[in-house]
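Undergrad: Just so you know, we're using this note's numbering here: the sequence shown kicks off at 931 and counts up by one. Backbone N, C-alpha and C fix where the C-beta goes; we use that ideal spot for every residue, glycine too.
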Amino acid sequence: MSFSSAKRIAILWFIATAITLASVVYQRMTGPTYPVSGSIKVADKIVKFRLLRSHDSTADAKMPLYVPDAKITGEIMWRRYKSHDDWTDEELKRDGENLVISIPKQPAAGKVIYQISLIDGAGIKYNLTQKPIIIRFKGEVPPFVLFPHIILMFASMMLAARSGLEAIVKGDNAFRLSVWTAGLLFAGGIILGPVVQKYAFDAFWTGWPFGHDLTDNKTATAMIFWIVAVWRARNQAKGRIWIIIAAATLLLVYLIPHSVLGSELDYSEMS
């Protein structure tokens, strides 16, 4: 391998890694399970908050607010999401210098919508967010299932980007890279993905035709494109465009935030 060839490969891997990391950060920060963070000024005091939107169903969701001024109190209004429940209004309990938000645990896929407010000594109320927050509870996923799933999905994304770049520059390894991409995507998304979902929400598959979970649907869509790409890429002269299309498809589905339209209990239909 010549120096120029090795340099080109290194550059392509660098670009593929950058694309992967950027997409991972974007998905993480735009997803509906990412905590809502911010700060608010109450009685000349700055209060920082971090409100959860996902939590294990094994325990209540507790969130401390550092509010050392004992004159400042707080309250939470909450109810089960998609239910006929009335709003429950409760005062936040104080634990030393913290006001503690506590949301009762729910079954896997159960959601709670809640609004947090702080009240100063003069009785003025400050909502932490303009709109209520929705938190979804999930079952605990064992690390020996979750970590391989995450690693394989990230690896498939990186190899997909690398395969697409290899096809664009008309390199000799496009087919081999596409086979590895399809294999990792199948193992991480089609095999381990449903196992993770079973632990988290007690269902292996909630995408088409059984539901509208975008995570399941986008994984299936990407898998179909990569199967076609591998099949067509046997003939490198004609298959490169399919590798590029499959790589672009996987990138696009990664830009869809994780867990959008995911599993949720409809309490209004439960007895």
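Hey, out of ASP1015, LEU981, THR988, SER984, whose CA is closest to GLU1199's CA?
TA: Counting from one through the sequence shown, the residue named residue 1199 turns up at place 269. Nearest option by C-alpha distance: ASP1015.
Undergrad: Could you name the residues of the same chain whose beta carbon sits closer than 6 Å to that of ALA1097, not counting the 5 residues immediately before and after it, in chain order?
TA: Sequence index remark: in the sequence shown, residue 1097 carries index 167 (1-based). ALA1104, ARG1170, ILE1173, ILE1174.
Undergrad: Kindly give me the distance between the Cβ atoms of ARG983 and MET993, rounded to whole angstroms, as I take these residues to be in contact under 8 Å.
TA: Taking the sequence shown and counting its residues from 1, one reaches residue 983 at position 53. Taking the sequence shown and counting its residues from 1, one reaches residue 993 at position 63. Not confirmed; about 11 Å, so no contact.
Undergrad: Applying the 10 Å Cβ sphere with the 16-neighbour rule, what's the burial state of SER1086?
TA: As a working mapping, residue 1086 is identified with position 156 in the sequence shown. Around the C-beta of SER1086, 16 or more other C-beta atoms lie within 10 Å, and the residue is accordingly described as buried.
Undergrad: Could you check whether HIS1079 and LEU1122 sit closer than 8 Å to each other, using their CB atoms as the reference points?
TA: The residue labelled residue 1122 in the question sits at position 192 within the sequence shown. The residue labelled residue 1079 in the question sits at position 149 within the sequence shown. Yes, the Cβ-Cβ distance between LEU1122 and HIS1079 is below 8 Å.
Undergrad: My parser needs the alpha helix (DSSP H) runs of 4 or more residues fully inside the region 1044 to 1099; what are they?
TA: Scanning the region 1044 to 1099 from its first residue to its last, the whole alpha helix (DSSP H) runs of 4-plus residues come out as 1073 to 1098.
Undergrad: Note down the Cα distance separating ALA1117 from ALA936, rounded to an integer number of angstroms.
TA: Here residue 1117 refers to the residue found at position 187 when the sequence shown is read from its first residue. Here residue 936 refers to the residue found at position 6 when the sequence shown is read from its first residue. Near 30 Å, if we compare the C-alpha coordinates of ALA936 and ALA1117.
Undergrad: Under 8 Å, do TRP943 and ARG1092 count as touching if we go by C-beta distance?
TA: Residue mapping note: residue 943 aligns to position 13 of the sequence shown, counting from 1. Residue mapping note: residue 1092 aligns to position 162 of the sequence shown, counting from 1. Yes. Within cutoff.
Undergrad: Quick check on VAL954: does DSSP put it in helix, strand or coil?
TA: As a first step, residue 954 is located in the sequence shown; it is residue number 24 there, counting from the start. Reduced to three states, the DSSP call for VAL954 is helix.
Undergrad: Along the chain, where does the beta strand (DSSP E) that runs through ILE1033 open and close?
TA: Indexing the sequence shown from 1 puts residue 1033 at position 103. Looking at the DSSP string, the run of the beta strand (DSSP E) that includes ILE1033 is 1028 to 1033.
Undergrad: Scan the region 933 to 1019 and note each continuous beta strand (DSSP E) run of 3 residues or more that stays entirely inside, going in chain order.
TA: 966 to 972, 975 to 981, 984 to 986, 991 to 996, 1003 to 1010
Undergrad: Would you give the residue range spanned by the alpha helix (DSSP H) that ASP1146 belongs to?
TA: Along the sequence shown, one-based indexing puts residue 1146 at 216. 1144 to 1162 is the span of the alpha helix (DSSP H), which, as asked, contains ASP1146.
Undergrad: With H, G and I counted as helix, E and B as strand and the rest as coil, what does DSSP make of GLU1194?
TA: For this step, residue 1194 is matched to residue 264 along the sequence shown. GLU1194: coil per DSSP, three-state reduction.
Undergrad: Just to confirm, are LEU1029 and LEU1058 a CB contact at a threshold of 8 Å?
TA: Counting from 1 along the sequence shown, the entry for residue 1029 is found at position 99. Counting from 1 along the sequence shown, the entry for residue 1058 is found at position 128. Cβ distance not < 8 Å, so LEU1029 and LEU1058 don't count as in contact.
Undergrad: Would THR1018 be called buried (16 or more neighbouring beta carbons within 10 Å of its own) or exposed?
TA: Your numbering for residue 1018 matches position 88 in the sequence shown. So THR1018 ends up on the exposed side.
Undergrad: So GLU1005 and ILE1049 are in contact, right, with Cβ under 8 Å, and what is the actual spacing, rounded?
TA: For this step, residue 1005 is matched to residue 75 along the sequence shown. For this step, residue 1049 is matched to residue 119 along the sequence shown. With 8 Å as the limit, GLU1005 and ILE1049 qualify as a contact, their Cβ atoms being about 7 Å apart.
Undergrad: What does a CB cutoff of less than 6 Å around LYS978 pick up in its chain, not counting 5 residues either side in sequence?
TA: In the sequence shown, the residue the question calls residue 978 occupies position 48. Hits under 6 Å: SER969.
Undergrad: Hey, ALA1178 and TRP1156: beta-carbon distance below 8 Å or not?
TA: Residue numbering aside, residue 1178 sits at position 248 when the sequence shown is read from its first letter. Residue numbering aside, residue 1156 sits at position 226 when the sequence shown is read from its first letter. Not in contact: ALA1178 and TRP1156 (Cβ atoms no closer than 8 Å).
Undergrad: Beta carbon of ILE1054: closer than 7 Å to some heavy atom of the ligand GTP?
TA: Ligands are entirely absent from the displayed structure, and the ligand GTP is therefore not among its contents.
Undergrad: Whole angstroms are fine: how far does the CA of LYS1001 sit from the CA of PHE1074?
TA: Position 144 of the sequence shown, counted from the first residue, corresponds to residue 1074. Position 71 of the sequence shown, counted from the first residue, corresponds to residue 1001. The straight-line gap from Cα to Cα measures roughly 47 Å.
Undergrad: Secondary structure at PHE1131, three-state DSSP: helix, strand or coil?
TA: In the sequence shown, the residue the question calls residue 1131 occupies position 201. Helix.
Undergrad: Identify, in the order they occur along the chain, each residue of the same chain with its Cβ nearer than 6 Å to the Cβ of ARG1162, setting aside the five sequence neighbours on each side.
TA: Locating residue 1162 in the sequence shown gives position 232, where the first residue counts as 1. The residues are GLY1169, TRP1172.
Undergrad: Looking only at its chain, what residues have a beta carbon closer than 7 Å to the beta carbon of MET1083, apart from the 5 residues adjacent to it on each side?
TA: Position 153 of the sequence shown, counted from the first residue, corresponds to residue 1083. Excluding positions up to five away in sequence, the list reads GLY1118, GLY1119.
Undergrad: In the DSSP assignment, find the alpha helix (DSSP H) that holds PHE1105 and state where it starts and stops.
TA: Along the sequence shown, read from residue 1 onward, the residue named residue 1105 stands at position 175. Counting along the chain, the alpha helix (DSSP H) containing PHE1105 begins and ends at 1104 to 1115.
Undergrad: Within 8 Å of any Cβ in chain D, is that where the Cβ of GLY1123 sits?
TA: Reference to chain D is not applicable here, since this structure consists of a single protein chain.
Undergrad: Apart from the five residues on each side of it in sequence, which residues of its chain come closer than 7 Å, Cβ to Cβ, to MET959?
TA: The residue labelled residue 959 in the question sits at position 29 within the sequence shown. Hits under 7 Å: none found.
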